[in-house]
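Undergrad: Below is one structure. I have some questions about it.
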Amino acid sequence: MSDNISYTSKIVTRFAPSPTGLLHLGNYRTAVFAYLFARKNDGEFILRIEDTDRERSKKEFEDNILESLEWLGLKYDKFFRQSENIERHTFYLNKLISEGKAYISKEEAKDGSGVIKEIVRFKNPNKVVVFNDLIRGSIATDTTDLEDFVIAKSITEPLFHLAVVVDDFEEGITHILRGEDHIPNTPRQMLIQEALGFPHPNYAHLPLVLSPDRTKLSKRKGALPVTSYKDKGYLPSAILNFIALIGFNPGGEKEIFTLDELVNVFDMLKIQKGSAILNEEKLNWTNKEHIKLESKEEQFAIIKKYFNDYDDELLKKLQITIIERITHYGELSEVVNEFSYFKERETPVLEKLLWKETTKENIIKHLNYILSMMDTLNFSNVEKIKEVVYAYANENGKGEVLSPLRVSLSTRDKSPDPFMLLYVLGKEESIIRIKNAINILSS
Ligand code: GLU
Numbered sequence: 248m249s250d251n252i253s254y255t256s257k258i259v260t261r262f263a264p265s266p267t268g269l270l271h272l273g274n275y276r277t278a279v280f281a282y283l284f285a286r287k288n289d290g291e292f293i294l295r296i297e298d299t300d301r302e303r304s305k306k307e308f309e310d311n312i313l314e315s316l317e318w319l320g321l322k323y324d325k326f327f328r329q330s331e332n333i334e335r336h337t338f339y340l341n342k343l344i345s346e347g348k349a350y351i352s353k354e355e356a357k358d359g360s361g362v363i364k365e366i367v368r369f370k371n372p373n374k375v376v377v378f379n380d381l382i383r384g385s386i387a388t389d390t391t392d393l394e395d396f397v398i399a400k401s402i403t404e405p406l407f408h409l410a411v412v413v414d415d416f417e418e419g420i421t422h423i424l425r426g427e428d429h430i431p432n433t434p435r436q437m438l439i440q441e442a443l444g445f446p447h448p449n450y451a452h453l454p455l456v457l458s459p460d461r462t463k464l465s466k467r468k469g470a471l472p473v474t475s476y477k478d479k480g481y482l483p484s485a486i487l488n489f490i491a492l493i494g495f496n497p498g499g500e501k502e503i504f505t506l507d508e509l510v511n512v513f514d515m516l517k518i519q520k521g522s523a524i525l526n527e528e529k530l531n532w533t534n535k536e537h538i539k540l541e542s543k544e545e546q547f548a549i550i551k552k553y554f555n556d557y558d559d560e561l562l563k564k565l566q567i568t569i570i571e572r573i574t575h576y577g578e579l580s581e582v583v584n585e586f587s588y589f590k591e592r593e594t595p596v597l598e599k600l601l602w603k604e605t606t607k608e609n610i611i612k613h614l615n616y617i618l619s620m621m622d623t624l625n626f627s628n629v630e631k632i633k634e635v636v637y638a639y640a641n642e643n644g645k646g647e648v649l650s651p652l653r654v655s656l657s658t659r660d661k662s663p664d665p666f667m668l669l670y671v672l673g674k675e676e677s678i679i680r681i682k683n684a685i686n687i688l689s690s
């Protein structure tokens, strides 16, 4: 089954975040799915900042949402701020009141102050509301339990449900994709739509995104805002790819997609019904795959920023090794430290140059032998270096040949393999370092 239905009117979706905090990957999944669905159907994708809660809404959070969407490459066709539409909310509120579909109710404020407030309640027709959720199928709710719910704090302060219904109508939203935590809101909003004579949009409630411990993903559980992945040097294409596959599987083996490819494969009916778990390992794997998709030049430009005092020739030889070491570019600062020996010659310590029971004399003999091969090695090809040096090591004891060689060249017992070290350091520098190690072993 697929959702390749041809819709008669233009599809319009929206992402409607409240700017009351920094949004995490799970929050942005709603944006990604709404975007993909709109683009797939040649529709429109709208961003609406729902800032009617004046106390909790902050400009810095709105800015963060804009920055995150831009970074992810999710371009919206129109932008609205809910607070700027209050006049229309009030207009419709008055309409409901004048038609007897809502009423002013004098009630004591909940804060215990004893103050009497004039709030507005919706006159609930008490009926069964049914909608066909595009992901979960038919959902029926008897609205009687909802009683006459509040739709405005006062005649000039409409609340969430009314504002959402009016905005969705005026912005021409045809499909509402949002988290399943909004399912209880849908019957209320549908009642308001009916009272105002608005058509019902289509609904698709997305399953929750959970932390690895299966609890709701939240900031307290370590869910990071999207922009912190930006700050850590993840690639936006990778984060987007990762988010799109949380609870959505296009089928097949392919897991690495560009934005255009995601638009192509997106299918609402392939969104899973169960909750999805955020898997940090998969995120890192995805990012690494996207690094590999970059051209050598793109990779080099970023590596060079971290290894800025390396000459280009040496850095190009080191590039593959560096890329292998990282899952995201932010790790390059560690790799610079770790690889300091490529740049600065350091002095190896005797203990590290030794190998198990092997005598110093044996190690010196092996190192001298490798020195004697230096003229015959092809330093422009790491595989060729490996062929020759490995053949000798294989015959004379891999550990006792290769470990001291590694330490001679890098001073470390953990490093890229000695063939790579020879290749990157080049003939002259390798000779100096091996001689230096022989001196230490001989003294
Ligand atoms: N502003 C709501 C939120 O951030 C979303 C409302 C909606 O999608 O209808 O949870």
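Residue numbers for the sequence shown follow this note's numbering, so the first one is 248 and each next one is one higher. A virtual CB, placed ideally from N, CA and C, is assigned to each residue, including glycine.
1) Whose C-alpha, out of Thr474, Lys257, Arg467 and Ala387, is nearest the C-alpha of Tyr275?
2) Can you give me the Cβ contacts of Ile679 inside the same chain, cut-off strictly under 6 Å, excluding the 5 residues immediately before and after it?
3) When the distance is taken between beta carbons, is Ile518 closer than 8 Å to Lys382?
4) Between which residues of its own chain and Tyr670 is the CB-CB distance below 7 Å, once the five residues before and five after are set aside?
5) Looking at the strands, I want to know which residues DSSP matches up with Leu424.
6) If we call anything under 8 Å between Cβ atoms a contact, is Ser458 one with Lys468?
7) What whole-angstrom Cβ distance do Asn488 and Phe504 have, given they're in contact under 8 Å?
8) In angstroms, rounded to a whole number, what distance separates the CA positions of Ser304 and Glu317?
9) Residues bridged to Lys364 by DSSP?
10) Please indicate yes or no: does the CB of Ser304 lie closer than 7 Å to some heavy atom of ligand 1?
11) Which one of Phe407, Val375, Ser401 and Phe326 has the shortest CA to CA distance from Asp392?
12) Does DSSP put Leu579 in a helix, in a strand, or in coil?
13) Have a look at Lys535, Ile366, Ile386 and Pro446 and flag the residue whose alpha-carbon is nearest the alpha-carbon of Gly577.
14) Starting from Asp389, follow the beta strand (DSSP E) in both directions and report where the run begins and ends.
15) Run through DSSP, which three-state label would Glu545 get?
16) When you compare only the Cα positions, how much space is there between Glu291 and Tyr323?
17) If you measure from the CB of Ser265, is any heavy atom of ligand 3 nearer than 7 Å?
18) Please confirm if the stretch 296-311 is in contact with the stretch 320-336, defined as three or more CB-CB distances below 8 Å between the two stretches.
19) Any heavy atom of ligand 1 closer than 7 Å to the beta-carbon of Arg301?
20) Between the C-alpha atoms of Arg425 and Phe284, what's the straight-line distance to the nearest angstrom?
21) Of all the alpha helix (DSSP H) runs that stay within the bounds of the stretch 248-319, which reach a length of 4 or more residues?
22) When every heavy atom of ligand 1 is checked, does at least one fall within less than 7 Å of the C-beta of Ile333?
23) Expressed to the nearest angstrom, what Euclidean distance is found between the alpha-carbon atoms of Lys590 and Ile293?
24) Look up Asn531 in the DSSP assignment and say whether it is helix, strand or coil.
25) Start and end of the beta strand (DSSP E) containing Arg328?
26) For Pro472, which of helix, strand or coil comes out of DSSP?
27) Return the first residue and the last residue of the alpha helix (DSSP H) that Ile610 is part of.
28) Spatial neighbours of Leu672 within its chain, please: C-beta separation below 8 Å, excluding the five flanking residues on both sides.
29) Indicate, with yes or no, if ligand 1 has a heavy atom lying under 7 Å from the CB of Arg276.
30) Going by the beta-carbon positions, is the gap between Ser580 and Tyr553 smaller than 8 Å?
31) If we ignore side chains and look at the alpha-carbon of each, how far apart do His452 and Ala491 end up?
32) Assuming Asp298 and Pro266 make a contact with CB atoms under 8 Å, what is their CB distance in whole Å?
33) For Asp250, which residues of its own chain have a beta-carbon under 6 Å away from its beta-carbon, when the five flanking residues on both sides are left out?
34) Excluding the 5 residues flanking Ser587 on each side, which residues of the same chain have their C-beta closer than 8 Å to its C-beta?
35) Measuring from the CB of Val259, is there a heavy atom of ligand 1 at a distance below 7 Å?
36) Apart from the five residues just before and just after Leu597, which ones in its own chain have a Cβ nearer than 6 Å to its Cβ?
TA: Working from what's here:
1) Here residue 275 is taken as the residue at index 28 of the sequence shown, counted from 1. Of Thr474, Lys257, Arg467 and Ala387, the residue nearest in Cα terms is Thr474.
2) To locate residue 679, count along the sequence shown from 1; it is residue 432. Closer than 6 Å at Cβ, skipping near neighbours: no residue.
3) Here residue 382 refers to the residue found at position 135 of the sequence shown. Here residue 518 refers to the residue found at position 271 of the sequence shown. According to the sequence provided, residue 382 is Ile. The question's Lys does not apply to it. Their beta carbons are under 8 Å apart, which means Ile382 touches Ile518 by this criterion.
4) Locating residue 670 in the sequence shown gives position 423, counting from the first residue. Taken in chain order, the residues that qualify are Lys564, Phe626, Val629 and Ile632.
5) Within the sequence shown, the letter at position 177 stands for residue 424. Ala451.
6) The residue you call residue 458 lines up with position 211 of the sequence shown. The residue you call residue 468 lines up with position 221 of the sequence shown. Yes, these two residues count as a Cβ contact at 8 Å.
7) Working through the sequence shown from its first residue, we reach residue 488 at position 241. Working through the sequence shown from its first residue, we reach residue 504 at position 257. Yes, Asn488 and Phe504 are in contact; Cβ-Cβ is about 5 Å, under 8 Å.
8) Taking the sequence shown and counting its residues from 1, one reaches residue 304 at position 57. Taking the sequence shown and counting its residues from 1, one reaches residue 317 at position 70. Distance between the alpha carbons of Ser304 and Glu317: 20 Å.
9) Sequence index remark: in the sequence shown, residue 364 carries index 117 (1-based). Per DSSP, Glu354.
10) Translated into positions along the sequence shown, residue 304 becomes position 57. A distance criterion of 7 Å places the beta-carbon of Ser304 beyond contact range of ligand 1, judged by its closest non-hydrogen atom.
11) What you label residue 392 is simply residue 145 of the sequence shown in a count that begins at 1. The candidate whose alpha carbon is nearest that of Asp392 is Val375.
12) Numbered from 1 along the sequence shown, position 332 holds the residue referred to as residue 579. It is helical.
13) On the sequence shown, residue 577 is found 330 positions in, with the first residue counted as 1. Residue Lys535 is the option with its Cα nearest to Gly577.
14) What you label residue 389 is simply residue 142 of the sequence shown in a count that begins at 1. Counting along the chain, the beta strand (DSSP E) containing Asp389 begins and ends at Gly384 to Asp389.
15) Along the sequence shown, read from residue 1 onward, the residue named residue 545 stands at position 298. Reduced to three states, the DSSP call for Glu545 is helix.
16) One-based indexing of the sequence shown puts residue 291 at position 44. One-based indexing of the sequence shown puts residue 323 at position 76. Each residue's alpha carbon lies about 8 Å from the other.
17) Absence of ligand 3 from the depicted structure is noted, with ligand 1 being the only ligands included.
18) yes
19) Here residue 301 corresponds to residue number 54 of the sequence shown, with the count starting at 1. Not under cutoff, so the answer is no.
20) Along the sequence shown, read from residue 1 onward, the residue named residue 425 stands at position 178. Along the sequence shown, read from residue 1 onward, the residue named residue 284 stands at position 37. Cα-Cα distance, rounded: 13 Å.
21) 272-287 and 306-319
22) Mapped onto the sequence shown, residue 333 falls at position 86. Not under cutoff, so the answer is no.
23) The residue given as residue 590 occupies position 343 in the sequence shown. The residue given as residue 293 occupies position 46 in the sequence shown. Distance between the alpha carbons of Lys590 and Ile293 is about 51 Å.
24) Within the sequence shown, residue 531 is the residue found at index 284, counting from 1. Reduced to three states, the DSSP call for Asn531 is helix.
25) By 1-based counting over the sequence shown, the position of residue 328 is 81. Per DSSP, Arg328 belongs to the beta strand (DSSP E) from Lys325 to Arg328.
26) Taking the first residue of the sequence shown as position 1, residue 472 is located at position 225. Correct three-state label for Pro472: strand.
27) Residue mapping note: residue 610 aligns to position 363 of the sequence shown, counting from 1. Here the alpha helix (DSSP H) through Ile610 covers Lys607 to Met620.
28) Counting from one through the sequence shown, the residue named residue 672 turns up at place 425. Cβ neighbours of Leu672 beyond the five flanking positions: Phe589, Leu656 and Arg680.
29) Looking up residue 276 in the sequence shown gives position 29. In this structure, the C-beta of Arg276 stays at least 7 Å away from each heavy atom of ligand 1.
30) Walking along the sequence shown from the start, residue 580 turns up at place 333. Walking along the sequence shown from the start, residue 553 turns up at place 306. Yes. Within cutoff.
31) Locating residue 452 in the sequence shown gives position 205, counting from the first residue. Locating residue 491 in the sequence shown gives position 244, counting from the first residue. If you take the alpha carbons of His452 and Ala491, they lie about 15 Å apart.
32) Residue 298 sits at position 51 when you count from the first residue of the sequence shown. Residue 266 sits at position 19 when you count from the first residue of the sequence shown. Indeed they touch by this definition, with Cβ atoms about 6 Å apart.
33) The residue labelled residue 250 in the question sits at position 3 within the sequence shown. The predicted position of Asp250 is uncertain, since its pLDDT is 48 and thus under 50; no value can be drawn from it.
34) Here residue 587 refers to the residue found at position 340 of the sequence shown. Answer for Ser587: Glu593, listed in chain order.
35) Looking up residue 259 in the sequence shown gives position 12. The answer is no for Val259.
36) Here residue 597 refers to the residue found at position 350 of the sequence shown. Hits under 6 Å: Ile687.
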